[in-house]
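Novice: These protein sequence lines map, in sequence, to chains A and B.
Residues in the first sequence are numbered from 48 upward in steps of one, following the working numbering.
Residues in the second sequence are numbered from 490 upward in steps of one, following the working numbering.
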Amino acid sequence: EPEVTQTPSHQVTQMGQEVILRCVPISNHLYFYWYRQILGQKVEFLVSFYNNEISEKSEIFDDQFSVERPDGSNFTLKIRSTKLEDSAMYFCATVVLAGGHNEQFFGPGTRLTVL
Amino acid sequence: AQKVTQAQTEISVVEKEDVTLDCVYETRDTTYYLFWYKQPPSGELVFLIRRNSFDEQNEISGRYSWNFQKSTSSFNFTITASQVVDSAVYFCALSEDFQKLVFGTGTRLLVSP
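1) Taking the Cβ atom as the reference point for each residue, do A/Thr60 and A/Val66 lie within a distance shorter than 7 angstroms?
2) What residue does the beta strand (DSSP E) around B/Ser501 start on, and which one ends it?
3) Counting only Cβ pairs nearer than 9 angstroms, list the residues of chain A close to B/Phe580.
4) Output the distance between the C-alpha atoms of A/Thr141 and A/Leu77, rounded to the nearest integer angstrom.
5) So A/Ser95 contacts chain B; which residues on that side make the cut at Cβ distance below 9 angstroms?
6) For chain B, find out if any of its Cβ atoms is closer than 7 angstroms to the Cβ of A/Glu153; answer yes or no.
7) Which one or two residues does DSSP pair with B/Thr594 in a beta bridge?
8) Could you give the residue range of the beta strand (DSSP E) that holds B/Tyr521?
9) For B/Ser457, is the classification buried or exposed, using 16 other Cβ atoms within 10 angstroms of its Cβ as the cut-off for buried?
10) Determine the contact status of B/Leu590 and B/Ala577, defining contact as a CB-CB distance below 7 angstroms.
11) Is it buried or exposed for A/Ile85, if we count other Cβ within 10 angstroms and need 16 for buried?
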């Protein structure tokens, strides 16, 4: 069965550094999402991406965040200047419209630790 | 506005007990989807079920069953004869017609031998 993959599985960075989290969606999927889960808390929506542009973003997704599909396959989340509070698990999710139903597929997540 | 409430923060049971995890949702849309995900200690989100708003039939999959009641805006999840491997955090989520998922705060289930 096709899978969404994410790299790296764990990233450790210093406060103020830039990080790029990568997601490889399933090939025929059209909608892409990033979610964040701070340790012990719920999963929160960050941003959705469709047709090469942001379709919706949450108030968490401020100017330090950006997303893109640089090569038409990878889907990336960039955090320009990391803060301690950015430490979290970041999940990529992709959606295909299968028979009119909303099929959601999550990647395994990237654990980001900001020191 | 969308909202998902999982009032049970943590449930502890002994193996072979049945357990029900509650989920109450709010939405203004008539077309929406409800989900349950399992998050084991390893951290990934494991998809369990998707139900659309037009299908109120209850579903059973092995030891798992789901009860969807639009009248009470609830989508409860029951594990029959629980096992230690069922120990995890379980999230209920809502999506309005191909949009983002809104998650509840999760219920931590601890199954002891």
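The C-beta atom is built at its ideal place from N, Cα and C for all residues, glycine as well.
Specialist: If we stick to the structure as given:
1) yes
2) 499-503
3) The answer, in chain order, is Lys89, Val90.
4) Between the C-alpha atoms of A/Thr141 and A/Leu77 there is a straight-line separation of about 7 angstroms.
5) In chain order: Gln588, Lys589.
6) Looking at the sequence shown, residue 153 of chain A is not Glu but Phe. Chain B, which has a Cβ nearer than 7 angstroms to the Cβ of A/Phe153, makes this yes.
7) Looking at the DSSP assignment, B/Thr594 forms no beta bridge with any residue, so it has no partner.
8) Run containing B/Tyr521: none; DSSP gives neither H nor E here.
9) With chain B covering 490 to 602 only, the question about residue 457 of chain B has no answer from this structure.
10) Contact flag unset, no.
11) exposed
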